[in-house]
Amino acid sequence: MLKHLYDTDCVTWSPQGKLFQVEYAMEAVKQGSICLGLKSNENVVLCSLKRQPSELAGYQEKQFKIDDHMAIAIAGLTADARVLCKYMRTECLEYKYTYESHHPVGRLVFKVAEKSQHKTQSGAKRPYGVGLLVAGIDPNGVHLFETCPSGNYYEYKCQAIGSRSQAARTYFESWFHLFEKSTLEQLILHGLSAIKKAIMEDEELNEKNVEVGILGKNLKFTHLNAQELKDYITKLDTFSPNSQIQQE
Amino acid sequence: MIFNPEFSAQQQHTTSPIVTGGSVIALAYKGGVVVGVDTLCSYGSMADFKNVEKIAQVSKNTIYVSSGEFSDFQQVVRELAKIDRSALQYDDGVHPSPRDYGNYLARLSYKRRCKINPLYLQNVIAGFHNGERYLGLVDIYGTYLESNFVTTGFASYFCKAIISNYWNDNCTLDQAKQVIRECFKVLFCRDCRAHDVIQLAYVDEQGAHLEQPERVETKWDFSGFKNRANEKLHTQ
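Line by line, the protein sequences are chains A and B.
Under the numbering used here, read the first sequence as residues 1 to 248, first letter to last.
Under the numbering used here, read the second sequence as residues 1001 to 1236, first letter to last.
Structural data, given as structure tokens:
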């Protein structure tokens, strides 16, 4: 396939019906470090692996609070993520100013998707190089969405994006039937177990390179602090999904 | 009138209302909220339009009434309908709650007040959502209040005593309606711009119910009127 003939800009289709620029943007998402989300009837948990550019540097944050009831985890170009984050925060504030209530989650994801699609249909623009996992709670229930540079968005029970995310997704496929009725603690342990599947052999999870954010119907979005992360990572050794089945 | 080109260049501001609606009274009862308003639109001191249905159902579980400039009321009804319609565009099953409408109207009124071109209205939004009653008042300045009972116009002066003596927020629907009817009886006697035909509407967990206009009971067969005691003094 002579890709180079059709991949210069967003306004050129390939004979196979692909927009290569958009596909390349999705590659940028796959190169980002892994982040995942999973939800139960009451809570949503976001887990991400933070990258450290060098030993001298800090760890790159991957989760951002949008509003009390909504948060995102990002994979891909952090600068593009900042733009979308700012947009989402502004929309939530305006909605709150006008209606004194929380922006419905699906609606905001739809707005972000519209914005993303716009970038895929112009000669002078490039798509956003970032995928978001949007966790949120609204009167319609508990939500987890994924957005793509293509402008598509999907709702999930659990999803992982970024590098080596297939390993986490395989873990989810085996155990997601337990998530609906899981407690918050079980959900966090499932999330950390899934991330553990996706790390390299010589890496290990610790409270510095892992980020966990939690959201619930009566729980505003918060990050677990270093001590809580340490405790959960320790609990991982004795946690097995099988024990959850036996309890039920 | 001679057309004055200078006037069209200036921004016109609402300085005084022209066609106005009368007082609104709304009470919460056990299980919902009931609203009453008369069916008159006055043109100054003239009782011009006597059969106006002034209760707007803006969504399945929210109703909106106001007193003041009637054309502003009609415009606000259009604005509120826009919100519900835009919800259809997103197709996600999320519809504004009564409180969302109340706050939106408060923001709209405040914005207009800041431009010194107000929506010349005292607004009442009543609704029932997620098992909770809602009753909100937004005034001409954009002040926003939620309460168990709300009165606008002259009803605020004449009717609060009746309401506090005969109503509590746990009463039945019929009791609340009766209190409102009593209030409008008094208003018809004392408020020059009031009318004796009123319309009631209530919102409960099934949604909004608008009733047909009804005539308020009035009593004119006092012996003083019948015997025309005063007239004898003047026929000489």
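Glycine included, every Cβ here is placed at the ideal spot set by N, Cα and C.
Counted as a single uninterrupted DSSP element, the beta strand (DSSP E) harbouring I74 of chain A occupies residues 70 to 76.
The Cβ neighbour count for S40 of chain A, taken over all protein chains shown within 10 Å, is at least 16; the residue is labelled buried.
Per DSSP, the beta-bridge partners of A1056 of chain B are B:Y1064.
Interface flag for Y1104 of chain B against chain A is set, since a Cβ pair is found closer than 8 Å. For F110 of chain A, the C-beta contacts it makes with chain B under 7 Å involve Y1090, in order along the chain. Boundaries for T1151 of chain B: no alpha helix (DSSP H) harbours it, while the beta strand (DSSP E) harbouring it runs 1149 to 1151, taken from the DSSP string. Taking R1133 of chain B as the centre and dropping the five residues before and after it, the same chain places the C-beta of A1028, G1032, V1033 closer than 7 Å to its C-beta, in chain order. Comparing alpha carbon positions, the residue from B:K1219, B:S1223, B:L1200 closest to P1213 of chain B is B:L1200. The Cβ atoms of S1066 of chain B and G1136 of chain B lie no closer than 8 Å to each other.
Taking 9 Å as the upper bound on Cβ-Cβ separation, chain B lies near residues D138, P139, N140 of the region 125 to 147 of chain A. Between A1194 of chain B and D1084 of chain B, the CB-CB gap reaches or exceeds 8 Å. Residue pairing of S1042 of chain B in beta bridges, as defined by DSSP: B:T1020, B:A1047.
Distance between V1035 of chain B and W1167 of chain B, taken at the CA atoms: about 14 Å. Ranked by Cα distance from Y1120 of chain B, the options B:Y1110, B:G1131, B:I1140, B:L1105 are led by B:I1140. Judged by their CB atoms, G213 of chain A and Q63 of chain A are nearer to each other than the 8 Å cut-off. Under the three-state reduction of DSSP output, N1103 of chain B falls in the helix class.
A straight-line Cα-Cα distance of about 27 Å links E1053 of chain B and Y1110 of chain B. By the neighbour-count criterion, in which a residue is buried when 16 or more other Cβ atoms sit within 10 angstroms of its Cβ, I1025 of chain B is buried.
In the structure shown, R1113 of chain B adopts helical secondary structure according to DSSP, grouped into three states. Under the Cβ distance rule, D1100 of chain B counts among the residues neighbouring chain A, one pair being separated by less than 8 Å. In this structure, the alpha-carbon of T1062 of chain B lies about 7 Å from that of A1208 of chain B. For R51 of chain A, the closest Cβ of chain B is not nearer than 8 Å.
For the region 1045 to 1079 of chain B, the set of positions with a beta-carbon nearer than 9 Å to some beta-carbon of chain A is empty. A direct Cα-Cα distance of roughly 6 Å separates V210 of chain A from S48 of chain A.
Annotation: V1138 of chain B has no Cβ neighbours in chain A at a cutoff of 8 Å; minimum Cβ distance is about 12 Å. Under DSSP, no beta-bridge partner is assigned to N1130 of chain B. Taking 8 Å as the cut-off, the beta carbon of A73 of chain A is found closer than this to the beta carbon of L133 of chain A. Looking at the backbone, the Cα of E1217 of chain B and that of Q1089 of chain B are separated by about 47 Å.
Inclusion of F176 of chain A and K157 of chain A in the CB contact set at 8 Å is warranted, their separation being smaller than that value. Scanning its chain for C-beta atoms nearer than 6 Å, with the 5 sequence neighbours on each side dropped, one finds around D1204 of chain B the residues G1031, G1032, F1128, in chain order. In this structure G131 of chain A is in contact with P149 of chain A, their Cβ atoms being roughly 7 Å apart against a cut-off of 8 Å. Restricting attention to A:I66, A:Q227, A:K111, A:Q244, the CA atom closest to the CA of I137 of chain A is found in A:I66. Where T238 of chain A is concerned, there is no enclosing alpha helix (DSSP H), because DSSP gives it neither an H nor an E.
Taking each of A:P53, A:T120, A:K96, A:S116 in turn and checking the Cα distance to A81 of chain A, the smallest one comes out for A:S116. In the structure shown, F64 of chain A falls within a strand segment according to DSSP collapsed to helix, strand and coil.
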